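Structure first, commentary second.
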Amino acid sequence: MMELPARAAAAAITLFARFITAVRADWRGVEPVPRQRIYFANHVSHGDFILLWSVLPPNLRRQTRPVAGADYWLKSPLRRFIGRDVFNAVLIDRDRASRKDDPVAQMVEALDGGASLIVFPEGTRNETDAPLLPFKSGIYHLARARPEIDLVPVWIDNLNRVMPKGEFVPIPLICTVAFGAPMHVSDGEEKTDFLARAEQALRALSNDEEDNAESLAESRAENQEQRT
Amino acid sequence: MMAPHADLLKLFAGLAAVLLIASLAGHFLARRYSPDGSNAVIENLNARVNAWWVMIIFMGGALLFGRTGIILLFGFASFAALREFVTLTDTRRGDHWALAASFFLILPLQYYLVFIDWYGLYSIFIPVYAFLLLPIVAALRGDTDRFLVRVAEVQWALMICVFCVSHVPALLTLQIPGYEGRNLLLIAFLVVVVQSSDVLQYVWGKLAGRTKIAPRLSPSKTVEGFAGGALSATLVGAGLFWMTPFTPWQAGALSFVIVLMGFFGGLVMSAIKRDRGVKDWGHLIAGHGGFIDRLDSVIFSAPIFFHLVRYWWSLT
């Protein structure tokens, strides 16, 4: 159970995130039910997992742990408090040369402890104009290690405009967190095939792709228009 | 906290009665024709009625707290509207400071000026000072790509979401002889006329709508719906003269202006939505789209109503 200061901080952070982004969950492919999952999302800002975490129902939040870089989240006492105590993050060492623990093993251990995970398979924040960076292989090894657990793609939209790199005042803008249909690694699926499939599943949730879906839903929208 | 005026209580009792009837009717319709929630029109109607309850409770709560409550309520409405508006603009990183200033300096300052009743400044603060200063801030960032479009979008967002909306609480500052202490009722009058016009146009459109007014902009708006809704809302406004400083004829004429501005305001905001390729501004209120979807008629009618009343009735 969380300590009181951590709970208060969690509530304050969630409230602030909602104030700035009026964030809305779009449960397209899954329902918000208590089921063990690995959420994998696009990564543009440090606020990503906070936003994803905020839209989960409270009972799911408690058992959902973000996977984050130890180098960032252990740097100062405040970050350590937020990363460890508030969000109970699984902190991994991203430096291949110096690390002692295997990140995949750490994530598997957290899954075996009953937690759901939030992972960012791009490995670092995407500061380019491309929608996604190429996925690192960690998610493939994780999927192979626990193939029965649902992998849920999650597209976080607009947060890069709220707080572009190098700015420290967030601009209030409406953000959406879209949850896609769960996927699994198939028997004998090659790493590159799986990573391509996972990237595709995530990109399909982004707004550019949504435009296509929207034209399909035109008739429904027409209906909506009738009432305004 | 101040004691609410008797007329205000009367008005709220009346609104609650109307909503109660609407809720009961909606409940009955849903049980009869849409037990499994499959009839979209009835579900939508009930979502609207429920959102109305929320709105009237918020309005009522704010009115109880008098001037401070009203200013905070509309300040927050401005914030939410600006958040929706800017989301749909094509602003870039180069606009970051200008946008931060819009949200965290200009918006609170505008409402503070209304609060301290500095008419000379709040009536020109955004059209003059923000208009000139924000492009300077944007220019200093050095990004010239689509510069004119971007600064125009920011200015439009502020005018619509902050300047126009702030004219609703500004009604509290008018000094009308013989009407002292009752200005809250002017806000209630404006909001009730605008909203009943929206509802009545919807009802008339559903019952008798044939000829589309602006098929490309807003396929649901019809000549019959507009005429029926506008005239009946004007009658509603005239019937509310007892809570205003106006005679029944004056109340009717002002209502007519409010209704016209509200209607065309809705049209303009629809054009912006079409341009941006969205159906709703946001998703804040269930069944009502975003904040701006509900506020669009108030946005366009509030400044005009304010200035008409100020010119002909107010001492200041």
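Protein chains in written order, with the UniProt record's numbering: chain A, 1 to 228; chain B, 1 to 316.
Heads up, the beta-carbon is just placed ideally off N, CA and C, and yes, glycines get one too.
This structure is a prediction, so every number in the text was calculated from the model and none was measured.
1) To the nearest angstrom, how far is the alpha carbon of B:Leu82 from that of A:Ala11?
2) Roughly how many angstroms lie between the CA atoms of A:Val67 and B:Asn44, to the nearest whole one?
3) Just to check my reading of the structure: A:Ala143 and A:Phe194 have Cβ atoms closer than 8 Å, yes? What is that Cβ distance to the nearest angstrom?
4) Can you grab the Cα-Cα spacing for the pair B:Leu99 / B:Gly178, in whole Å?
5) How big is the Cα-Cα spacing for B:Asn183 and B:Ala170?
6) A:Asn158 touches chain B at which residues, Cβ-Cβ below 9 Å?
7) Fully enclosed by the UniProt domain "Phospholipid/glycerol acyltransferase" (37-159) of chain A, which beta strand (DSSP E) runs are 3 residues long or longer?
8) CB A:Val55 to CB A:Val177, shorter than 8 Å?
9) Mapping the DSSP letters down to three states, classify B:Gly221 as helix, strand or coil.
10) Any beta carbon of chain A sitting closer than 8 Å to that of B:Phe256?
11) Does any C-beta atom of chain A lie closer than 8 Å to the C-beta of B:Glu180?
12) What does B:Lys212 pair with, by DSSP beta-bridge criteria?
13) Does A:Leu173 have its Cβ less than 8 Å from a Cβ in chain B?
14) Can you tell me the Cα-Cα spacing of B:His96 and A:Ala145, whole angstroms?
15) Which ranges does the alpha helix (DSSP H) cover as unbroken runs of at least 4 residues, wholly within the region 77-138 of chain B, from first to last along the chain?
16) For a cutoff of 8 Å on Cβ pairs, would you count A:Arg28 as touching chain B?
17) With a threshold of 8 Å between beta carbons, is A:Val177 in contact with chain B?
18) Listed in chain order, which residues of the region 56-75 of chain A have Cβ atoms closer than 7 Å to some Cβ of chain B?
19) Using the Cβ count rule (16 or more neighbours within 10 Å means buried), how would you classify B:Phe28?
20) State yes or no: is the C-beta of B:Ser270 within less than 8 Å of the C-beta of B:Leu217?
21) To the nearest angstrom, how far is the alpha carbon of A:Ala41 from that of B:Gly205?
22) From the DSSP output, which residues share a beta bridge with A:Asp26?
23) Pairs of beta-carbons, one from the region 262-276 of chain B and one from the region 65-80 of chain B, closer than 8 Å: are there three or more?
Working from what's here:
1) Locating residue 82 of chain B in the second sequence gives position 82, counting from the first residue. Locating residue 11 of chain A in the first sequence gives position 11, counting from the first residue. Between the alpha carbons of B:Leu82 and A:Ala11 lies a distance of about 25 Å.
2) Stepping through the first sequence from its first residue, residue 67 of chain A is reached at position 67. Stepping through the second sequence from its first residue, residue 44 of chain B is reached at position 44. Near 41 Å, if we compare the C-alpha coordinates of B:Asn44 and A:Val67.
3) Here residue 143 of chain A is taken as the residue at index 143 of the first sequence, counted from 1. Here residue 194 of chain A is taken as the residue at index 194 of the first sequence, counted from 1. About 7 Å; that satisfies the 8 Å criterion.
4) Locating residue 99 of chain B in the second sequence gives position 99, where the first residue counts as 1. Locating residue 178 of chain B in the second sequence gives position 178, where the first residue counts as 1. Their backbone Cα atoms lie some 43 Å apart in a straight line.
5) Within the second sequence, the letter at position 183 stands for residue 183 of chain B. Within the second sequence, the letter at position 170 stands for residue 170 of chain B. Rounded to whole angstroms, the separation of the alpha carbons of B:Ala170 and B:Asn183 is 10 Å.
6) Your numbering for residue 158 of chain A matches position 158 in the first sequence. Within chain B, the residues near A:Asn158 are Thr87.
7) Fully contained in the UniProt domain "Phospholipid/glycerol acyltransferase" (37-159) of chain A are the following beta strand (DSSP E) runs of length 3 or more, in chain order: 37-41, 64-69, 90-92, 116-119 and 150-157.
8) Reading the first sequence from its first residue, position 55 is the one you call residue 55 of chain A. Reading the first sequence from its first residue, position 177 is the one you call residue 177 of chain A. It is a contact, given that the beta carbons lie within the stated cut-off.
9) Within the second sequence, numbered from 1, the residue matching residue 221 of chain B stands at position 221. For clarity, residue 221 of chain B is Lys in the given sequence; the question names Gly instead. Three-state result, B:Lys221: coil.
10) What you label residue 256 of chain B is simply residue 256 of the second sequence in a count that begins at 1. Not one chain A Cβ lies under 8 Å of B:Phe256.
11) Here the question's residue 180 of chain B lines up with position 180 in the second sequence. Not closer than 8 Å to any Cβ of chain A, the Cβ of B:Glu180 fails to qualify, so no.
12) To locate residue 212 of chain B, count along the second sequence from 1; it is residue 212. Per DSSP, B:Thr222.
13) Residue mapping note: residue 173 of chain A aligns to position 173 of the first sequence, counting from 1. Cβ-Cβ to chain B under 8 Å: yes for A:Leu173.
14) By one-based count along the second sequence, residue 96 of chain B stands at place 96. By one-based count along the first sequence, residue 145 of chain A stands at place 145. If you take the alpha carbons of B:His96 and A:Ala145, they lie about 44 Å apart.
15) Fully enclosed alpha helix (DSSP H) runs of 4 or longer: 96-101, 107-115 and 119-122.
16) Stepping through the first sequence from its first residue, residue 28 of chain A is reached at position 28. No, its Cβ sits nowhere closer than 8 Å to a Cβ of chain B.
17) As a working note, residue 177 of chain A is residue 177 in the first sequence. Chain B, which has no Cβ nearer than 8 Å to the Cβ of A:Val177, makes this no.
18) Within the region 56-75 of chain A, no residue has a Cβ that lies closer than 7 Å to any Cβ of chain B.
19) The count along the second sequence starts at 1 and reaches residue 28 of chain B at position 28. Per the 10 Å Cβ criterion, exposed.
20) As a first step, residue 270 of chain B must be located in the second sequence, where it is residue number 270. As a first step, residue 217 of chain B must be located in the second sequence, where it is residue number 217. Yes. Within cutoff.
21) The count along the first sequence starts at 1 and reaches residue 41 of chain A at position 41. The count along the second sequence starts at 1 and reaches residue 205 of chain B at position 205. Between A:Ala41 and B:Gly205, the C-alpha separation is close to 45 Å.
22) Against the first sequence, residue 26 of chain A aligns to sequence position 26. In DSSP, A:Asp26 forms a bridge with A:Ala178.
23) Judged by Cβ distances under 8 Å, the region 262-276 of chain B makes no contact with the region 65-80 of chain B, as fewer than three pairs qualify.
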